[in-house]
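Okay, so here's the structure we're looking at.
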Amino acid sequence: MRHEIVHNTYVVNDLKAKGAVFVEELEQVPQGGTVVFSAHGVSQAVRAQAQALGLQVFDATCPLVTKVHVEVAKMRRDGLEIVMIGHAGHPEVEGTMGQAEGIHLVQTLDDVARLNIAPDAPLILALPGSRRGEVSRLGPIFGAALAQVIAQKPTARIVIPTVRGVAALVHDIVKAWPGNPLVVETPDEKRAAFAAANVALAASGTVSLELAANRLPMVIAYDFNWLSRQIILRMVRVDTATLVNLVTDTRTVPEFIGAACTPANITPAVLDMLHPGPKREAQAAAMADCMVALGQGGEPPGLRAARSVLAHIRKVTP
């Protein structure tokens, strides 16, 4: 067995009593023998070495450790920087660090100070819609606009939360986007993206309320197919479609609808919202007012809805 299989003296001693041999290096295993990898996991280099030595491998890596290894490798392929907090030489740290190049190990405050990671690298949340038509229309427009943003902010990263129904289409469309964008699908990943982002470029819709609830500066854009555009533009009687603007009777959220939904219009608005200043402050105030108006921090939405229904029933019932 390579290293102690688990941090449990009783288990280790019991295995030794039954004839198990513990080694620190694979060269100590007889040629063609069997080696057990411990629950702490091993690096890719150790796996390759075992294969080169012709060893039979029994992998006892903990499933949770394996999940970490898989995620670390995926994140590095996506271009993310990874900081690992732990102790050099610990088997679990060595195993995780050995899944990909460029992982930063932090043991002390001095290690943090030496991290070569841009602290001001902005994270842009892109939300091109949840329906195939929306994603197909808005994806190329958003990509072109964000390419211009990245040209001016080379360290910026793009993350795209999506849903299962359009995930494959989103993955395909963002291949043409700049900066190796990261597509996330799980609820935990989406929450993390909303919390970490500096600005959002989103399709018009209720997502603007979700962004407001997270106090995330936003730019809204939307386009229709040709026929829908002709019909809607003749019917619309308001000068904004963004819910935050409508609820607060402000125009602090930049929006580009229909013919105005172009990279030339979207790019400067996203850059404006990336920088602290009067526009971001005004939008932040409007988002806070919007959430108060919608009852954030008050009674549960279901209870408020029930009260409204009962009030209407009393009003219309003789």
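With numbering that gives the first Met the number 0, the residue at position 312 of the sequence shown is 311, and numbering never jumps.
All C-beta atoms, glycine included, are put in the ideal place defined by N, C-alpha and C.
{"Query": "First and last residue of the uninterrupted alpha helix (DSSP H) at Asp222", "Result": "First-last for Asp222: undefined, no H or E at that position."}
{"Query": "First and last residue of the uninterrupted beta strand (DSSP E) at Met83", "Result": "Ile81 to Ile84"}
{"Query": "Option in Val105, Gly94 and Ala240 with minimal Cα separation from Cys61", "Result": "Gly94"}
{"Query": "Boundaries (first-last residue) of the beta strand (DSSP E) holding Ala201", "Result": "Val198 to Ala202"}
{"Query": "Anticipated Cβ contact below 8 Å, Val22 with Leu126, distance rounded", "Result": "About 52 Å separates the two Cβ atoms, so there is no contact after all."}
{"Query": "Backbone secondary structure at Pro160 - three-state DSSP", "Result": "strand"}
{"Query": "Cross-strand partners of Thr33 (DSSP beta bridge)", "Result": "Gln55"}
{"Query": "Glu133 beta carbon less than 8 Å from that of Thr161", "Result": "no"}
{"Query": "Residues that DSSP places opposite Arg1 in a beta bridge", "Result": "Val22 and Phe36"}
{"Query": "Spatial distance of Leu124 from Arg46 (CA atoms)", "Result": "37 Å"}
{"Query": "Contact under 8 Å by Cβ, Pro90 with Ser37", "Result": "yes"}
{"Query": "Arg279 versus Leu137, Val198, Cys260 and Gly32, residue with shortest Cα-Cα distance", "Result": "Val198"}
{"Query": "Neighbour-count burial assignment, Glu254, 16 or more Cβ in a 10 Å radius", "Result": "buried"}
{"Query": "Beta-bridge partners of Ala125, as assigned by DSSP", "Result": "Leu200"}
{"Query": "Proximal residues to Met272 (C-beta, below 8 Å), its chain only, five neighbours per side dropped", "Result": "Val198, Pro216, Met217, Val218, Pro253, Lys278, Arg279 and Gln282"}
{"Query": "Three-state secondary structure assigned by DSSP to Leu114", "Result": "coil"}
{"Query": "Exposure label - Lys152; buried when at least 16 CB within 10 Å", "Result": "buried"}
{"Query": "Cut-off 7 Å between Cβ atoms - residues of its own chain near Ala192, not counting five sequence neighbours on either side", "Result": "Leu124, Val158, Pro160 and Val183"}
{"Query": "Run of the beta strand (DSSP E) containing Leu104, from where it starts to where it stops", "Result": "Ile102 to Val105"}
{"Query": "Length of the line joining the Cα atoms of Ala112 and Ala196", "Result": "23 Å"}
{"Query": "Sub-8 Å separation of Leu232 and Gly257 beta-carbons", "Result": "yes"}
{"Query": "Candidates Leu245, Asp248, Ala268 and Ala211, of which the one nearest Ala287 by Cα", "Result": "Ala211"}
{"Query": "Distance between Thr33 and Gly164 (C-alpha atoms, nearest Å)", "Result": "45 Å"}
{"Query": "Counted within 10 angstroms of its Cβ, other Cβ atoms place Tyr221 as buried (16 or more) or exposed", "Result": "buried"}
{"Query": "First through last residue of the alpha helix (DSSP H) which encompasses Val183", "Result": "Segment Leu181 to Val183 is the beta strand (DSSP E) holding Val183; no alpha helix (DSSP H) there."}
{"Query": "Selected residue, minimal CA-CA separation from Glu80, among Met96, Val246, Arg136 and Gly142", "Result": "Met96"}
{"Query": "Reduced DSSP category for Glu298 - H, G, I as helix; E, B as strand; rest coil", "Result": "coil"}
{"Query": "Rounded distance between the beta-carbons of Ala202 and Leu137, thought under 8 Å", "Result": "6 Å"}
{"Query": "Nearest-angstrom Cα separation, counted from Asn179 out to Gly78", "Result": "7 Å"}
{"Query": "Alpha carbon of Ala292 to alpha carbon of Pro186, nearest angstrom", "Result": "26 Å"}
{"Query": "Close beta carbons around Ser135, own chain, < 8 Å, minus the five adjacent residues each side", "Result": "Leu168 and Ile172"}
{"Query": "Beta-carbon gap between Pro177 and Ala144 smaller than 8 Å", "Result": "no"}
{"Query": "Cβ-Cβ distance between Ile4 and Val35 below 8 Å", "Result": "yes"}
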